[in-house]
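*Asks:* Each step along the sequence shown adds one to the number in the UniProt record's numbering, with nothing skipped, and position 116 is 116.
Can you read through this structure? Questions will come right after.
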Amino acid sequence: MANTKYVTVATVQERFNLINYTPELNLEDIHVTVADVNRPALQLHGFYEHFEPKRIQVIGNVEVAYIAKKTDAEKAESFRKLFSYDIPCIIFCRGEKPGDILLEEAVKANVPILGTERATSEFMSALIFSLNKDFAPYTTIHGVLVDVYGEGLLITGESGIGKSEAALELIRRGHRLVSDDVVEIRRPNNERLYGRAPSITQYLIELRGIGIIDVKSLYGVEAVKDEQRIDLVIKLEDWTKEKEYDRLGMTDEYMNILGIDVTCHSLPIRPGRNLAIICETAAVNHRQKKMGYNAAEELYRRVQDNLDENK
């Protein structure tokens, strides 16, 4: 288990505020290693072909109704068969409660039994989404992640180029810090990336010449955010007159992170440029493009219309 990602059943129980029907079992010692879940209706009927025992087993109204039709002897036999597999836990939904026979067999097999009032499908969806984030592909990037008008703005560049200073100015303008210096990035699915700060540096910013500042303490809880989807990358770099920079934005550049292409803008740094305002504008412009409006394409259309009129 040392080289395998896992989440303890205790973490799942705390995260979803689940009722623990087997308090005599140590939930910290039992691990969940896959993000998928299973409803064991077929297994309770005796069909175990293709059964994946490492999944959390979720029981809803259908399974409860089926169990209720069995005799006590049949229930005990079904539960013993289910618990002969190394399943991490069973979760009852919709406020359904496990019977005494199930609890007795579960304790013998060291399988925790938990419960929730939430609807089965809704709870399964939330559980799978949460576990997908836990087991998602993971990487770290040197940069700053800020929530700007709901857009996740990842600012990258060489050390000392001004990333933290830009983030601080964005915070002063009402936006929210997610992470400074190191951004932990996870890919819970093939479409989205989420970033957060390492726990040791959460809410902190390093400013050269001043030191470490606590953004949450200085500016309040509205100035920080625990996690943010990454929508746009701003790459800060020293300005050089030999390099051609995009002035129209007709073609998008991308940075590949964990197999997902994220729109990326290279921003040359020169004295007098207000990085915060430029980053803020880039975030708003990116949001506008997602809503279907592209200013560069509008300029191109106007130029074409003008040429057509002068023919």
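C-beta atoms are modelled at their ideal positions from N, C-alpha and C, and glycine is treated no differently.
(1) Taking the straight line between their C-alpha atoms, what separation do you get for Cys279 and Thr116?
(2) Mapping DSSP to helix, strand and coil, what is Met1?
(3) Nearest to Pro268 by alpha carbon, out of Ala68, Glu96, Gly157 and Asn110?
(4) When you compare only the Cα positions, how much space is there between Val183 and Gln228?
(5) Using C-beta distances below 6 Å, list every residue in its chain close to residue 355, excluding the 5 sequence neighbours before and after it, in chain order.
(6) Could you check the C-alpha separation between Asn3 and Ile19 for me, to the nearest Å?
(7) Reducing DSSP to helix, strand and coil, say where Asn256 ends up.
(8) Tell me the DSSP secondary structure of Tyr293 in three-state form.
(9) Which residues in the same chain have their Cβ closer than 8 Å to the Cβ of Glu63, if we skip the five residues on either side of it in sequence?
(10) How would you label His142, buried or exposed, when you count the other beta carbons within 10 angstroms and need 16 or more for buried?
(11) Go ahead and pull the three-state DSSP assignment for Val111.
(12) Determine the extent of the alpha helix (DSSP H) in which Phe79 is found, giving its start and end residues.
(13) Please report the Cβ distance between Val224 and Val215, rounded to the nearest whole angstrom; I am assuming they are in contact, meaning their Cβ atoms lie under 8 Å.
(14) What three-state label does DSSP hand Lys216 in the structure shown?
(15) Output the distance between the C-alpha atoms of Arg173 and Tyr85, rounded to the nearest integer angstrom.
*Replies:* Let's see:
(1) 44 Å
(2) Any reading at Met1 must be qualified, since the residue scores a pLDDT of 38, below 50, and its modelled position is unreliable; no value is offered.
(3) Gly157
(4) 11 Å
(5) The question about residue 355 has no answer, for the chain in this structure spans 1 to 311.
(6) With a pLDDT of only 43 at Asn3, under the threshold of 50, the placement of this residue in the model should not be trusted, and no figure is reported.
(7) strand
(8) coil
(9) Arg39, Pro40, Ala41 and Leu44
(10) exposed
(11) coil
(12) Asp72 to Phe83
(13) 6 Å
(14) helix
(15) 56 Å
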